[in-house]
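Basically our numbering = 1-based index in the sequence shown + 600. We treat Cβ as the ideally placed atom computed from N, Cα and C, and that holds for glycine.
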Amino acid sequence: MTITLRAHELVAHPVASPLNCELSEGLNLILGQREQGQTALAMTLAGRRRPVSGSIALDGNPRTRNLFRCAALAGAREIDSLERLVTVRTVVREQVAWAQPWYRIAPRDITASSLVRPWLEPLGLELDQTELVGDLPPAQRLRLRVLLGLIARPKAAFLVVDDIDQLRSLDLVEDFLRDLQKVSRSLPVMAFGVNSHYAHLADHVVEV
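Here's what the structure looks like:
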């Protein structure tokens with residue numbers, strides 16, 4: 601099924617210009633400047649905040665509440681920053697426990713969970729469950745945040761990843777985007793960045 605997200609005259613931040621765009625299957629790269637409120641736009645498209653003006657429709661449905669339920673979100677520090685002094689097992693197991701029915705017990709081996717297992721290979725994640733979150737390399741920590749976002753929305757229609765440039769390295773960002781390409785074979789991905797250097801890796805590019 602083709603998923604289409606349309607923004608019409610959308611203003612997500614008071615100083616931003618209206619945005620008209622269509623985001624669809626595959627990897628969508630949304631390029632802009634940090635001062636233009638990229639995080640505000642990412643959170644708005646993911647249904648985590650209301651737009652200043654304009655509208656968003658998912659498959660023709662303009663209700664923001666549907667966006668909140670249908671969008672997995674990662675990379676926005678306001679939403680998914682992680683406690684550094686806990687283990688990988690703890691943060692993933694907790695997310696699994698919240699996402700699945702109350703009567704199911706989250707497995708001690710988190711990789712055995714059906715909410716976790718499908719995403720490990722596409723994201724290039726080999727989890728040492730005893731490792732502290734703060735000891736993970738930045739690129740793996742960001743991948744972990746994506747995994748947690750996907751666990752939180754088991755029936756997500758699309759994934760939004762904010763601020764891919766937080767990795768601070770062109771090579772790391774390119775590797776990360778290649779993994780997001782793999783994720784995008786299962787559901788559309790919208791990745792927010794500031795550098796057009798990565799545009800060749802995307803199926804669709806939107807400049808804001």
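So what does DSSP say about residue i, is it helix, strand or coil?
i: glutamate 656; result: For the record, residue 656 in the displayed sequence is isoleucine; it is not glutamate. Reduced to three states, the DSSP call for isoleucine 656 is strand.
i: alanine 712; result: helix
i: valine 686; result: coil
i: arginine 606; result: strand
i: histidine 797; result: helix
i: valine 761; result: strand
i: alanine 739; result: helix
Count the other CB atoms within 10 Å of the CB of residue i; is the residue buried (16 or more) or exposed (fewer)?
i: leucine 673; result: buried
i: tryptophan 719; result: buried
i: leucine 661; result: The amino acid occupying residue 661 in the given sequence is asparagine; leucine does not appear at that position. Per the 10 Å Cβ criterion, exposed.
i: arginine 708; result: exposed
i: glycine 637; result: buried
i: serine 713; result: buried
Candidates the options: which alpha carbon is nearest residue i's?
i: arginine 677; options: Lys782, Gly660 and Thr639; result: Thr639
i: leucine 623; options: His613, Gln633, Val611 and Arg606; result: Arg606
i: leucine 682; options: Leu770, Arg753 and Asp735; result: Asp735
i: leucine 723; options: Asp680, Leu777 and Arg693; result: Leu777
i: threonine 604; options: Cys670, Leu641, Arg665 and Gly632; result: Cys670
i: leucine 750; options: Leu725, Leu715 and Ala791; result: Leu715
I'd like to confirm the pairing. Which residues does DSSP put opposite residue i in its beta bridges?
i: cysteine 621; result: Ala607
i: methionine 790; result: Asn628 and Val760
- Message: Taking contact to mean 3 or more Cβ pairs, one atom from each stretch, closer than 8 Å, check whether the stretch 637 to 657 and the stretch 704 to 711 are in contact.
- Response: At 8 Å Cβ cutoff, the stretches do not touch.
- Flag this pair as touching only if the stretch 693 to 701 and the stretch 758 to 773 have three or more C-beta atom pairs under 8 Å; answer yes or no. Judged by pairs of C-beta atoms under 8 Å, the stretch 693 to 701 does not touch the stretch 758 to 773, as fewer than three such pairs exist.
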